[in-house]
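Residue 1327 is where the sequence shown ends in the working numbering, and the numbering goes up by one at each step. Don't be surprised by glycine CBs; every beta carbon is placed ideally from N, CA and C. From a predicted model like this one, the values you see are computed outputs, not experimental measurements.
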Amino acid sequence: MTGRGYRPARALELLRAGTGLAPATFRDGQEDAIRHLVENQGRLLVVQKTGWGKSAVYFIATKLLREQGLGPVLLVSPLLALMRNQIEAARRMGVRAEQITSENQDDWDEVAGKVRGDEVDILLISPERLANATFQQQVLAQVAARVSMLVIDEAHCVSDWGHDFRPQYRLIERIARTLPANTRLLATTATANNRVMDDLRAVLGPKLAVSRGDLNRPSLHLQTIRLPSQTARLAWLAEHLESLPGSGIVYALTVRDAGLVADWLRFQGHEVAAYTSESQDRERLEQDLLQNRVKALIATTALGMGFDKPDLGFVVHYQAPGSVVAYYQQVGRAGRAIPSARGVLLSGEEDTDITDWFIRSAFPTRAEVQHVIDALEGEPAGLSVPEIQQRVNVAKGRIEKTLQLLSLEQPAPVVKDGPRWQLTVAQLSEAFWERAERLTDLRRQEQAQMQQYAQLEKGHMAFLIAALDGDPSAVQTSKLADLPTSFSTERANDAARFLRRTNFPIEPRKRWPGGVLPAFGLSGKIPEDRQTKRGKALCSWGDAGYGELVRRGKYVDGRFADELVTACAGLVTNWAPDPAPCWVTCIPSWRHPELVPNFARRLADALGLPFHEVLGKTDDRPEQKTMRNSTQQARNVDGSLAVREGPLPGGPVLLVDDMVDSGWTFTVAGWLLQEHGSGPVFPLALARAGYDE
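Below, the structure is given as structure tokens:
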């Protein structure tokens, strides 16, 4: 019995069209899931490992429902890379797929018109669209009654307990309630332990049927290699990357580490590219990996859920992620449709520092929330985020996160009206803080579990499956042998030298922050002849290379080492600023009055240039690193610097400081120097601030 509306022959035809494989057949559970949806047997949660084919389920079901004359399908999907892959697969089946995301804003009106005109079979949206009033009014409200199925991809994001909880996914519960009771609902994920599944039942309904598959990946050989130093991991990658099968992904925890690893591997002759949230050409990079035009993408989690390359040969982690569940999700990109693939975890001494930072920054503090609420008090018309920045010493990202999280509460203490945020009469409940504390505790437990995994010598897959509440007793292990853990001393020395050759640009500021800097009376665009030139930072604070030497000089020795003088002199020589500086000065400090002048004087000697200490502090201000957003950082410098008596030397100048973060100290000092007659100003910092500074 095939059941009302379900046509097995047509379903198989669509599978083969989507895969492009004439002999393709359904995997265990795929056809049952499609039948369940087409026949509207109730809400369904599909928990299947990466590569099983969850998208095939909802695309085939969509096509069958549309061929019956039913309405369009709405798919909530978290990542743009996921959407690009999915739309391509959908169109191969003849499914008319469109998206409304931040990537295609110019097309929103056209896509919305197609949806209203019933010219779209499945509409893919990011979870952020659910919180957008325009989308709700112009698209969702007009088609809600006709939506035949709601699909929630990567459904673990709904759950407080999911490894990648997304606040906007909390809106799904409300959206689901607005749809007719008989609307089909499908939730899919590869990573749902028992707690996540219980949470999903609470959000999506207790009668949620579950299709749960085997978590084992017998084609995937897992290995952990503990290499604490950056130089060791860079050396290992350089020596062993080419021996890894096919092409793959190397994951790093931060944007700057992804760029660093990519630069090093390219320097060593490997065909790789960095892929991060800041990459301008992500679609091309994805195609380069899909077509094996690169050996690897060195990626952050921006390349994550939904990226589909069935023959991906390896996933290497340069650092350990924050949870075992996240690791399973990422390493599961490899070996989907090939006999063997590798997953290698390289863990280092900075891993827990970075994941600690992610844990600490996941939720606003009580003080941050109160600062934002206090700023909005007495402002019935509301404030924009830049206006809030002028009133509170809270980082822009923290302000945005605070407002976002508060707006998702029920009832919401804040609402958004255009670009402005307004207070409501609702009070933030204590439940908000209880949830934040619970999730923070959970992240600490997950972090500790990941460190356990990093120490394993065997039993890796069983450990992962147990963490996902699967059955570890049925694990089938890979037949591959472990890779060597060694690397040559010569390659490690090369890596150390590379790290010490690496430097970072300091981009000039071109506008003063919102409002006015009252002491100097500055606002708006900075005239070009008062802007600093593009500068350089020798290293990142605390990193291997020179970063640790800078930290030691500032906080232990009270004097920067001669080695840093030599390194900066070499940097300036290779940089060759144009026009060439003919004198050197420095940023003064109230707390460390001799530290930077002493260094700058020695640097000037090494460069054969005169040193003139022309800037002074007018008063004691808080340390710049305590200023949390751009406006506060600029105002903290405003009026705190002055040019000492006497005419300034003419000509271009090298302006030296130990640290650079926002760049406002350099910007204000550079304006001041040029206002008093100096030539072009070239900033030079020993280190750019890191995540912990």
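Selection from the options that minimises the alpha carbon distance to residue i
i     : options                       : result
E1002 : V949, I1022 and F992          : I1022
I1221 : N1263, Y1180, A695 and L1289  : L1289
G1148 : W991, T1265 and L671          : T1265
T1111 : G1158, G1104 and A1096        : A1096
G982  : W870, N1027, S782 and A1009   : W870
L699  : V680, R725, P712 and R669     : R669
P1314 : G1273, L820 and G1304         : G1304
R1322 : Y1087, G1181, T1301 and K1159 : G1181
G839  : V928, G847, A821 and R851     : A821
A1153 : A779, Q1081, D1272 and V777   : D1272
N1027 : G977, I1007 and L708          : I1007
W1055 : V1019, V1294, R890 and L1062  : V1019
S607  : R725, L704 and Q702           : Given a span of 635 to 1327 for the chain in the structure shown, any question on residue 607 remains unanswerable.
D1116 : W1146, R976 and M1084         : R976
V1277 : W1298, L1307 and D1291        : L1307
K841  : A824, N850, R860 and A815     : A815
S995  : L980, A1029 and V978          : A1029
Q739  : P973, E722, T768 and V729     : T768
R890  : D915, P1139, I859 and P879    : P1139
W1217 : M831, P1286 and I809          : P1286
Under the three-state DSSP convention, the category residue i falls into
i     : result
L856  : strand
W1298 : helix
V1059 : coil
E1316 : The amino acid occupying residue 1316 in the given sequence is Phe; Glu does not appear at that position. Here F1316 sits in strand by DSSP.
Y885  : strand
S1174 : strand
G1187 : helix
G637  : Model confidence at G637 stands at a pLDDT of 41, short of 50, so the residue's coordinates are unreliable and nothing is read from them.
A1015 : coil
S782  : coil
K1035 : helix
I734  : strand
R644  : helix
C1216 : coil
F1138 : strand
A896  : helix
R1168 : coil
With 16 other Cβ atoms within 10 Å as the buried cut-off, status of residue i
i     : result
S1174 : buried
D787  : buried
L655  : exposed
A1178 : buried
V1059 : exposed
E984  : buried
R1000 : exposed
N1208 : exposed
Y1189 : exposed
E732  : buried
N1137 : buried
P1045 : exposed
K1159 : exposed
S881  : buried
N926  : exposed
R1236 : buried
S1107 : exposed
N1263 : buried
V844  : exposed
S911  : exposed
A1210 : exposed
S1063 : exposed
Cβ distance (whole Å) where residue i is taken to contact residue j below 8 Å
i    : j     : result
N827 : L1017 : In fact, because the Cβ distance is near 41 Å, the residues do not count as touching under 8 Å.
S782 : R811  : About 17 Å; that fails the 8 Å criterion.
A695 : L679  : That pair is no contact at about 15 Å.
E873 : F1121 : 5 Å
L764 : S711  : Not quite, the Cβ-Cβ distance comes to about 12 Å (not below 8 Å), so this is no contact.
S957 : E1080 : 4 Å
L648 : K697  : 6 Å
Test: residue i CB closer than 7 Å to a CB of chain B
i     : result
A1321 : The displayed structure is made up of one protein chain only, and chain B is not part of it.
Closer than 6 Å: residue i CB and nearest the ligand SAM heavy atom
i     : result
G1176 : As presented, the structure is devoid of all ligands, the ligand SAM included, so that no description of it is given.
Would the segment 909-923 and the segment 851-859 be scored as touching if the rule is three or more Cβ pairs under 8 Å? In short, these stretches do not touch, since the Cβ pair count stays below three.
If we count Cβ pairs, one from each stretch, closer than 8 Å, do we get three or more for the segment 959-974 versus the segment 677-685? Enough Cβ pairs lie closer than 8 Å, so yes.
Tell me, please, whether the segment 1157-1166 touches the segment 1199-1214 by the rule of three or more beta-carbon pairs shorter than 8 Å. Segments in contact, no.
Are there three or more Cβ pairs, one per stretch, closer than 8 Å when the segment 1114-1128 is compared with the segment 1229-1243? Touching, no, given that fewer than three Cβ pairs across the two stretches are closer than 8 Å.
Segment contact, 8 Å Cβ cut-off, at least three pairs: the segment 1222-1232 with the segment 1248-1258: Short answer: they touch.
Inter-stretch contact (C-beta, 8 Å, three-pair minimum) for the segment 930-940 and the segment 880-900: Cβ pair count under 8 Å is three or more, so yes.
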